[in-house]
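For the sequence shown, the positions run 1 to 165 when the UniProt record's numbering is used. Glycine included, C-beta positions come from ideal geometry on N, C-alpha and C. Since this is a predicted model, take the numbers as computed values, not measurements. Report on the following structure.
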Amino acid sequence: MSNITLHVNGATHTLDIDPSTRLLYILRNDLGLQGPRFGCGLGQCGACTVLIDGVATRSCVTTTSRVTGKITTLEGLSKNGELDPVQQAWIDEQVPQCGFCQNGQIMTAKALLDRNPSPTDDEIREGMARALCRCMTYYRVQAAIKRVVQGAQSNDPAIMEDAAK
Numbered sequence: 001m002s003n004i005t006l007h008v009n010g011a012t013h014t015l016d017i018d019p020s021t022r023l024l025y026i027l028r029n030d031l032g033l034q035g036p037r038f039g040c041g042l043g044q045c046g047a048c049t050v051l052i053d054g055v056a057t058r059s060c061v062t063t064t065s066r067v068t069g070k071i072t073t074l075e076g077l078s079k080n081g082e083l084d085p086v087q088q089a090w091i092d093e094q095v096p097q098c099g100f101c102q103n104g105q106i107m108t109a110k111a112l113l114d115r116n117p118s119p120t121d122d123e124i125r126e127g128m129a130r131a132l133c134r135c136m137t138y139y140r141v142q143a144a145i146k147r148v149v150q151g152a153q154s155n156d157p158a159i160m161e162d163a164a165k
């Protein structure tokens with residue numbers, strides 16, 4: 001056991017933990033953050049995705065000792081009670097079905113859009129390829145990402161609401 005400091009959603013946490021513990025378990029069990037989920041445990045499905053310094057990272061295969069950057073979970077995307085545009089687009093496009101993969105889908109989309117604010121359809125498909133969804137909501141995911149792009153390009157929140165119509 002050793003003291004490890006993590007910067008999660010704008011707060012600093014110092015925890016006495018085994019440094020080989022996977023980040024997912026610290027986030028869920030010690031910090032009570034339920035956004036990242038256990039899916040496959042192999043880093044393949046994406047349900048456990050968090051952002052570390054803006055990079056989509058699989059928390060189920062990331063040991064806590066390797067984390068040095070700022071961690072953002074699904075809970076940390078909204079600011080001052082307002083949803084992040086990606087979260088709002090997910091609602092507007094009715095993306096979720098069962099909802100299990102939504103953490104991974106949203107966090108992966110957020111990282112994609114932060115890296116490339118105006119992706120093409122091919123770039124969206126490529127960027128989202130590792131975030132698996134068994135309900136097959138991929139077309140709605142793509143529509144939600146396009147909605148965010150159109151809203152950002154227009155700089156008008158009303159257009160974001162009508163972007164996919």
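Asked: Tell me whether the stretch 118–127 and the stretch 85–102 touch, counting them as touching only if at least three CB pairs, one residue from each stretch, are closer than 8 Å.; Found: no
Asked: Since Thr64 and Ala56 should fall inside the 8 Å C-beta cutoff, what is the C-beta to C-beta distance between them, to a whole number of angstroms?; Found: So it is not a contact: roughly 18 Å between Cβ atoms.
Asked: Please work out which residues of its chain come closer than 7 Å, Cβ to Cβ, to Gln97, disregarding the five sequence neighbours upstream and downstream, and give them in chain order.; Found: Cys135 and Thr137
Asked: Can you check which of these residues, Gly151, Ile26, Val95 and Ile106, is closest to Val67 by C-alpha distance?; Found: Ile26
Asked: Let me know the alpha helix (DSSP H) ranges lying completely inside the stretch 74–151, each 4 residues or longer, listed in chain order.; Found: 85–92, 102–115 and 121–128
Asked: Let's see if you can read the secondary structure: which residues bound the beta strand (DSSP E) around Leu6?; Found: Ser2 to Val8
Asked: Excluding sequence positions up to five away, which residues of its chain have a Cβ less than 7 Å from the Cβ of Glu75?; Found: Asn9, Leu33 and Gly35
Asked: Considering only residues of the same chain and omitting the five flanking positions on each side of Lys45, which have a CB-CB separation below 6 Å?; Found: In the sequence as displayed, the identity of residue 45 is Cys instead of Lys. Only Gly39 and Leu132 meet the Cβ criterion.
Asked: When the Cα atoms are used, what is the spatial distance from Ala109 to Gly41?; Found: 21 Å
Asked: Taking Arg58 as part of the beta strand (DSSP E), name the residues at either end of that continuous run.; Found: Val55 to Arg58
Asked: Report the three-state DSSP secondary structure of Thr64 (helix, strand or coil).; Found: helix
Asked: So, under 8 Å CB-CB, Arg43 and Arg58 are touching, yes? Tell me the CB distance rounded to an integer number of Å.; Found: Per the sequence presented here, residue 43 reads as Gly, with Arg not at that position. Correct: roughly 4 Å between the Cβ atoms.
Asked: Taking the alpha-carbon positions, what's the Ala11 to Val141 distance?; Found: 30 Å
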